[in-house]
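Residue numbers (UniProt numbering): 1 to 482.
The beta carbon of each residue, even a glycine, is placed where N, CA and C say it ideally should be.
Predicted model only: the values in this text are computed from it and were never measured.
Just below is one structure, and these are the notes that go with it.
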């Protein structure tokens with residue numbers, strides 16, 4: 001009858017005590033590439049520390065998971081990575097891993113191999129759900145000894161349900177109670193009872209402090225820096241991009257940057273766009289443009305214009321490459337998926353902080369999802385059909401090599417899956433005529449791979465449904481191919 005004793009027999013798991021030893025264990029993907037890892041968010045880090053160490057029971061109260069949420073571009077991922085890196089360096093955890101929600105199955109495979117749960121050859125024989133189950137079983141055996149960060153989990157209720165409740169979902173039967181899991185999302189829906197860590201734009205003082213820490217030449221110009229951060233809405237992504245550009249070209253004052261920003265030859269177009277943008281935010285809170293301040297549109301636009309105005313030999317091609325990359329999945333874009341003719345131009349985009357190296361030993365780059373959205377929706381212009389065609393051709397160049405009888409080719413499917421899916425989402429069914437046959441082959445082959453090899457039935461069905469919608473639009477319901 002003693003509640004403390006009866007707790008043992010309940011189906012609610014007890015909170016695991018922290019390990020006292022400080023030895024460092026295994027870390028996965030904590031290298032953030034060339035992105036800065038210090039956002040000086042001391043209050044947020046303190047809340048996460050309380051959650052991890054079970055000090056603030058009003059916040060955590062026996063919860064093994066917590067969600068960091070806020071609009072895109074405010075630094076949720078950077079905050080989570082910074083926290084995980086600090087925890088790993090302090091020691092006491094056997095596994096500390098940073099995973100991307102949109103890329104979980106390939107990362108599960110890498111983890112299984114790195115943790116020596118299976119060999120690379122054994123993994124080739126296993127479906128995605130089998131790999132997932134093997135990893136989750138290992139995590140249960142290491143209960144209380146691991147911290148996972150799962151970055152950018154989806155916001156829609158349907159997607160959340162598929163990830164957790166579908167048998168082929170990436171988080172189906174995830175061992176939440178056996179470790180600690182930090183999620184980042186644009187929605188608070190993943191936080192239990194609506195609690196978590198809400199991340200917004202910087203406060204003015206916080207923004208000034210951060211900018212001065214990054215732009216050393218601006219020290220002593222705090223009042224001008226304050227004008228700079230207010231002009232950019234104290235929005236972390238816009239500030240980071242603007243500061244990194246300013247440092248790279250050695251601007252001596254934040255006012256120099258603002259003069260360039262407000263002196264744009266396309267200022268009238270930008271002001272017209274801002275009015276349209278503000279009107280959409282005011283009257284339709286559901287539109288995509290309401291999820292970030294307009295300042296990021298101006299900052300990205302200026303970066304692109306600086307590339308064009310530089311009149312470098314590769315400036316025009318670099319802008320075309322930027323538009324191409326905006327159609328793919330942002331998490332990790334392998335260099336192999338960049339057409340060879342454009343690869344030399346990556347350095348120019350990196351110099352403007354429009355893309356960054358993915359870090360570690362990966363031959364890949366990253367492009368922030370908000371930057372992608374700005375390029376797709378505001379700067380694509382008349383290039384859309386050309387870029388859809390280029391992405392289709394480059395992906396098909398790889399996907400057509402998948403041979404179900406040659407397991408050595410399966411890596412192609414795992415490398416391309418997210419990018420094919422993202423391309424279909426961004427293209428819709430408005431596909432240029434020259435690419436229609438190729439995109440049907442691409443999507444059909446990818447869906448077949450997911451169905452037969454990956455056992456990702458939901459993902460396969462989604463691609464087949466997209467292909468069917470395209471074919472109905474092209475040929476009508478009565479056509480033999482439909």
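Next item on the list: Please specify which runs of the alpha helix (DSSP H), each continuous and at least 4 residues long, are wholly inside the stretch 53-107, giving them in chain order.
Entry: For the stretch 53-107, the continuous alpha helix (DSSP H) assignments of 4+ residues that do not extend past its boundaries occur at 76-90, in sequence order.
Item checked: residue 185, buried or exposed, once every other Cβ within 10 Å from all chains shown has been counted against 16 -> Position 185 of the chain shown, counted from the first residue, corresponds to residue 185. By the neighbour-count rule (16 or more Cβ atoms within 10 Å), residue 185 is buried.
Margin query: Within a Cβ cutoff of 7 Å, which residues of the same chain sit near residue 469, ignoring the five residues on either side of it in sequence?
Written below: By one-based count along the chain shown, residue 469 stands at place 469. Here the set comprises 429.
Margin query: If contacts are defined as beta-carbon pairs under 8 Å, then residue 370 and residue 292 qualify, I think. What distance do you get, rounded to the angstrom?
Written below: Here the question's residue 370 lines up with position 370 in the chain shown. Here the question's residue 292 lines up with position 292 in the chain shown. So it is a contact: roughly 5 Å between Cβ atoms.
Notebook entry, point to check: Under the three-state reduction of DSSP, which class applies to residue 133: helix, strand or coil?
Noted result: Within the chain shown, numbered from 1, the residue matching residue 133 stands at position 133. If DSSP states are grouped into helix, strand and coil, residue 133 belongs with the helices.
Check: From residue 471 to residue 181, what distance separates their C-alpha atoms?
Finding: Residue 471 sits at position 471 when you count from the first residue of the chain shown. Residue 181 sits at position 181 when you count from the first residue of the chain shown. Distance between the alpha carbons of residue 471 and residue 181: 42 Å.
Next item on the list: State the Cα-Cα distance for the pair residue 233 and residue 201, rounded to the nearest angstrom.
Entry: Locating residue 233 in the chain shown gives position 233, counting from the first residue. Locating residue 201 in the chain shown gives position 201, counting from the first residue. Distance between the alpha carbons of residue 233 and residue 201: 8 Å.
Notebook entry, point to check: Taking contact to mean at least 3 C-beta pairs separated by less than 8 Å, is the stretch 302-316 in contact with the stretch 381-389?
Noted result: no
Checklist line | Integer Cβ distance of residue 296 from residue 238, believed to fall under 8 Å | finding: The count along the chain shown starts at 1 and reaches residue 296 at position 296. The count along the chain shown starts at 1 and reaches residue 238 at position 238. The beta-carbon separation of residue 296 and residue 238, rounded to 5 Å, stays under the 8 Å limit for a contact.
Notebook entry, point to check: Whose C-alpha, out of 329, 331, 125, 341, is nearest the C-alpha of residue 320?
Noted result: As a working note, residue 320 is residue 320 in the chain shown. Selected option, being the one with the closest Cα: 341.
Check: residue 435 and residue 376: beta carbons closer than 8 Å?
Finding: For the purposes of this step, residue 435 is identified with residue 435 of the chain shown, where counting begins at 1. For the purposes of this step, residue 376 is identified with residue 376 of the chain shown, where counting begins at 1. No, the Cβ-Cβ distance between residue 435 and residue 376 is not below 8 Å.
Notebook entry, point to check: In terms of residue numbering, what span does the beta strand (DSSP E) encompassing residue 147 cover?
Noted result: Reading the chain shown from its first residue, position 147 is the one you call residue 147. It spans 146-153 - the beta strand (DSSP E) in which residue 147 sits, taken as one unbroken run.
Margin query: With distance defined between alpha-carbon atoms, name the residue in 218, 246, 366, 426 nearest to residue 335.
Written below: Taking the chain shown and counting its residues from 1, one reaches residue 335 at position 335. The candidate whose alpha carbon is nearest that of residue 335 is 366.
Check: Helix, strand or coil: which one does DSSP assign to residue 201?
Finding: Residue 201 sits at position 201 when you count from the first residue of the chain shown. Residue 201: coil per DSSP, three-state reduction.
Next item on the list: Check whether the Cβ of residue 173 sits closer than 7 Å to any heavy atom of the ligand GTP, and report yes or no.
Entry: Ligands displayed in this structure: none; no statement on the ligand GTP is therefore possible.
Note to self: Considering only DSSP beta bridges, list what residue 180 is partnered with.
What the structure shows: Indexing the chain shown from 1 puts residue 180 at position 180. Residue 180 pairs with 147.
Notebook entry, point to check: What is the DSSP secondary structure of residue 358, counted as helix, strand or coil?
Noted result: Looking up residue 358 in the chain shown gives position 358. Coil, per DSSP.
Item checked: Straight-line Cα distance separating residue 256 from residue 162 -> What you label residue 162 is simply residue 162 of the chain shown in a count that begins at 1. What you label residue 256 is simply residue 256 of the chain shown in a count that begins at 1. Between residue 162 and residue 256, the C-alpha separation is close to 49 Å.
Check: Since residue 27 is in the beta strand (DSSP E), which residue starts that stretch and which ends it?
Finding: Position 27 of the chain shown, counted from the first residue, corresponds to residue 27. Looking at the DSSP string, the run of the beta strand (DSSP E) that includes residue 27 is 26-28.
Checklist line | Three-state secondary structure (DSSP) of residue 334 | finding: Within the chain shown, residue 334 is the residue found at index 334, counting from 1. Residue 334 falls in the strand class under three-state DSSP.
Next item on the list: With DSSP as the reference, please indicate the residues paired to residue 365 in a beta bridge.
Entry: To locate residue 365, count along the chain shown from 1; it is residue 365. In the DSSP output, where bridge partners are listed per residue, residue 365 has 333, 357.
Note to self: Contact defined as beta carbons within less than 8 Å: I believe residue 151 pairs with residue 99. What is the distance between those atoms, to the nearest angstrom?
What the structure shows: Translated into positions along the chain shown, residue 151 becomes position 151. Translated into positions along the chain shown, residue 99 becomes position 99. So it is a contact: roughly 7 Å between Cβ atoms.
Item checked: Which of helix, strand or coil DSSP assigns to residue 310 -> In the chain shown, the residue the question calls residue 310 occupies position 310. Residue 310 falls in the coil class under three-state DSSP.
Notebook entry, point to check: Mind checking residue 458: buried by the 16 CB within 10 Å criterion, or exposed?
Noted result: As a working mapping, residue 458 is identified with position 458 in the chain shown. Residue 458 should be labelled exposed.
Notebook entry, point to check: Roughly how many whole angstroms lie between the Cα atoms of residue 373 and residue 143?
Noted result: By 1-based counting over the chain shown, the position of residue 373 is 373. By 1-based counting over the chain shown, the position of residue 143 is 143. Roughly 39 Å separates the two Cα atoms.
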